[in-house]
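Written below as structure tokens is the structure these notes are about.
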Amino acid sequence: MRITRPLLQHALRITLFTRANCALCDQAKLVLSHAWDKKPFDFAEIDVMARGQEQWKELYEFDTPVIHVQRASTTSADVRKAMHRFSAQHVLQLMADADGEGDDGKG
164 MRITRPLLQH ALRITLFTRA NCALCDQAKL VLSHAWDKKP FDFAEIDVMA RGQEQWKELY
224 EFDTPVIHVQ RASTTSADVR KAMHRFSAQH VLQLMADADG EGDDGKG
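All the letters of the sequence shown, read from the start, carry residue numbers 164 to 270 under our numbering.
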């Protein structure tokens, strides 16, 4: 029997919208690290103040940190969001909701 390599891409993707000198953003990274230890996910980080990120700056300049949680294969219309302060448990619930395992989308 031949052993296959596991898929490198995870079923879920989390995008963290952040900015420099943001203590809540640093805390959010720690929370996401704890969530990843329980259920790995694809991760992207966007600095909303960076050149080329004007659309995100307009949305989230005064709300960072923000996370978008979604299936890796879906569009942004299917995203779950959390802002400012959130726990690893809240992130895991959003992940379950996005993956169709949640309790009717409430987190």
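Glycine included, every Cβ here is placed at the ideal spot set by N, Cα and C.
Query	Result
Residue 220 lies in the alpha helix (DSSP H); which residues open and close that run?	217–223
Exposed or buried, which one is residue 228 when buried takes at least 16 other CB atoms within 10 Å?	buried
Would you identify the three-state DSSP class for residue 226, choosing helix, strand or coil?	coil
Counting C-beta neighbours from all protein chains within 10 Å, is the total for residue 231 16 or more, i.e. buried, or is it exposed?	buried
Taking all protein chains shown into account, do 16 or more other C-beta atoms lie within 10 angstroms of the C-beta of residue 248, making it buried, or fewer, making it exposed?	exposed
Quick check: the Cα distance between residue 203 and residue 177, rounded to an integer number of angstroms?	10 angstroms
Just list the residues that DSSP pairs residue 181 with in beta bridges.	210
Residue 186 to residue 225, Cα distance in whole Å?	13 angstroms
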